[in-house]
Amino acid sequence: MRLWILLLILFTSTAQAQYKDGIVVVQYSADFVKAAEVNLDDLDGADQFRFYLTDHPKIFKKDKIVYLPTVILYHNRKEIIRVESNISLTLPENTLEVIQEHINKIKKSKF
Numbered sequence: 016m017r018l019w020i021l022l023l024i025l026f027t028s029t030a031q032a033q034y035k036d037g038i039v040v041v042q043y044s045a046d047f048v049k050a051a052e053v054n055l056d057d058l059d060g061a062d063q064f065r066f067y068l069t070d071h072p073k074i075f076k077k078d079k080i081v082y083l084p085t086v087i088l089y090h091n092r093k094e095i096i097r098v099e100s101n102i103s104l105t106l107p108e109n110t111l112e113v114i115q116e117h118i119n120k121i122k123k124s125k126f
């Protein structure tokens, strides 16, 4: 039984650490702001994750998420840009364009 618990803890911590590897866009959200989320499928060149506050409260605390929704671009675990919602709980209209611009810069810098 202890082995199962240890494996579960190890798998969970490993999976949570890997969500920032490579070029990754993470959208932090909650059920009450689902309508304000952006469609990350429109982005090209990055892996995508979506975390909900009710499912991953520790990740929200660790990543210092204050506003919902929030979209963060990471490159090899380093935060490149953070786009946060405004007082009306909506992201800026140009969120995807700003994120895509930074993804393109990262990809160009590899060559």
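FYI, the numbering for the sequence shown is 16 to 126, going by our numbering.
Don't be surprised by glycine CBs; every beta carbon is placed ideally from N, CA and C.
Residue i lies in the alpha helix (DSSP H); which residues open and close that run?
i: T110; result: T110 to S124
So for residue i, helix, strand or coil by DSSP?
i: I74; result: helix
i: L23; result: Because the pLDDT of L23 is 47, which lies under 50, any placement of that residue in the model is unreliable, and the question is left without a value.
i: S28; result: Its pLDDT being 45, under 50, S28 is placed unreliably by the model, and the measurement read from it follows with that caveat. Of the three classes helix, strand and coil, the one that applies to S28 here is helix, per DSSP.
i: L68; result: coil
i: L83; result: coil
i: V14; result: What is shown of the chain runs 16 to 126, which leaves residue 14 out entirely.
i: L106; result: coil
i: L88; result: strand
i: D62; result: strand
Apart from the five residues just before and just after residue i, which ones in its own chain have a Cβ nearer than 6 Å to its Cβ?
i: V48; result: L83, P84 and L104
i: D57; result: L111
Go to residue i, then tell me how far its beta strand (DSSP E) extends in each direction, as first and last residue.
i: S44; result: I38 to S44
i: R97; result: K93 to E99
Return the chain-ordered list of same chain residues with a C-beta closer than 8 Å to the C-beta of residue i, the five sequence neighbours on each side being excluded.
i: D62; result: G37, I38, V39 and V40
i: F75; result: Y43, F66 and L68
i: I118; result: I38, V40, L58, D59, G60, A61 and L88
Going by the CB atoms, is the gap between residue j and residue i shorter than 8 Å?
i: V81; j: I96; result: no
Got a sec? Which residues, its chain only, sit under 7 Å from residue i by beta carbon, not counting five neighbours each side?
i: L106; result: A51, V53, P84, V86, V98 and S100
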